[in-house]
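*Asks:* Our numbering applies: residue 70 is where the sequence shown begins, and numbers increase by one.
Ideal Cβ positions, reconstructed from N, Cα and C, are used throughout, including at glycine.
Once you've had a glance at the structure underneath, I'll fire off some questions.
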Amino acid sequence: MYRHPSLRPLSREHHFTLCFAKRLMALERVDSELLEARWPEIRERLGRFWQDSLQIHFRVEESHIPWQCLERASYERLVGEHCEIRDLFEHLKEAGQPDGFVLGRLGRLLMQHIRWEEHVLFPPMQEQSGEALAAIEHASEELQGADPAWLLPVPGRSAAKTIVE
Ligand SMILES: [Fe+2]
Ligand SMILES: [Fe+2]
Numbered sequence: 070m071y072r073h074p075s076l077r078p079l080s081r082e083h084h085f086t087l088c089f090a091k092r093l094m095a096l097e098r099v100d101s102e103l104l105e106a107r108w109p110e111i112r113e114r115l116g117r118f119w120q121d122s123l124q125i126h127f128r129v130e131e132s133h134i135p136w137q138c139l140e141r142a143s144y145e146r147l148v149g150e151h152c153e154i155r156d157l158f159e160h161l162k163e164a165g166q167p168d169g170f171v172l173g174r175l176g177r178l179l180m181q182h183i184r185w186e187e188h189v190l191f192p193p194m195q196e197q198s199g200e201a202l203a204a205i206e207h208a209s210e211e212l213q214g215a216d217p218a219w220l221l222p223v224p225g226r227s228a229a230k231t232i233v234e
């Protein structure tokens, strides 16, 4: 799918976030004892991904997408979904015990949100003025990219499968 160069930094982060979301959904199916044993590490990586990457990504989108040219309903959907995702990250990074259902729910929400941005929100943005797109490209300099250290281990999977999706 064609992506305007100004939107590519956000799209690159979407790709990583989809891998992250798949790991979250896989965690929902992991045996609860195995999950509990690895929970401190998983929780720490969840927190780092949220803190160092995703919350910055959300801020860039909320503040710099050229909303004046797009439908208000799209802005409301984006902010509503960001809020829901933010609450789940905040809940999980404080949780003493893992909750497979909440991990899976967060994974599904992230996947649905990113697919909507890529397939519905971004295509009409590519028709916007060069100035509007330059603003989002400039704001995207804040993005941190992707660090493999944020990826979640999935207990019970082979090490190779844990590293390469
Ligand atoms: Fe978003
Ligand atoms: Fe996004």
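When the Cα of E150 is compared with those of H182, L212, L115, M94, which residue comes out closest?
*Replies:* Taking only the C-alpha atoms, the option nearest E150 is H182.
*Asks:* Measure the Cβ-Cβ separation of F158 and L76 and say whether it is below 8 angstroms.
*Replies:* Contact: no.
*Asks:* Alpha carbon to alpha carbon, how far is L93 from F118? Give it in angstroms, no decimals.
*Replies:* Answer to the nearest angstrom: the Cα atoms are 13 angstroms apart.
*Asks:* Grab the span of the alpha helix (DSSP H) containing Q124 for me, first residue to last.
*Replies:* Run containing Q124: 124–133, per the alpha helix (DSSP H) assignment.
*Asks:* Answer with buried or exposed for M70, where buried requires no fewer than 16 other C-beta atoms within 10 angstroms of its C-beta.
*Replies:* When all chains shown are included, M70 counts as exposed.
*Asks:* Check each residue's C-beta against every heavy atom of ligand 1 and list, in chain order, those closer than 6 angstroms.
*Replies:* My final list is F127, E130, L147, H151, H182, E186.
*Asks:* Is L139 near ligand 2, with its Cβ less than 7 angstroms from a heavy atom?
*Replies:* It does not: the Cβ of L139 is nowhere closer than 7 angstroms to a heavy atom of ligand 2.
*Asks:* Is there a Cβ from chain B that is less than 8 angstroms from the Cβ of I183?
*Replies:* Given the protein chain composition of this structure (a single chain), no chain B is represented.
*Asks:* Label H84 either buried or exposed according to how many other C-beta atoms from any shown protein chain fall within 10 Å of its C-beta, with 16 as the threshold for buried.
*Replies:* It is exposed - the Cβ of H84 has fewer than 16 other Cβ atoms within 10 Å.
*Asks:* Report yes if the CB atom of E82 is closer than 8 angstroms to the CB atom of L161, and no otherwise.
*Replies:* No.
*Asks:* Looking at the secondary structure, which residues open and close the alpha helix (DSSP H) in which D156 lies?
*Replies:* D156 -> alpha helix (DSSP H) spans 141–163.
*Asks:* With 16 as the cutoff for other CB atoms within 10 Å, does I232 come out buried or exposed?
*Replies:* Confidence is the limiting factor: at I232 the pLDDT is only 45, short of 50, which leaves the residue's position unreliable and the question unanswerable from this model.
*Asks:* For L87 versus M194, is the C-beta distance shorter than 8 angstroms?
*Replies:* Cβ atoms of L87 and M194: not closer than 8 angstroms.
*Asks:* Quick check on DSSP: helix, strand or coil for A203?
*Replies:* Of the three classes helix, strand and coil, the one that applies to A203 here is helix, per DSSP.
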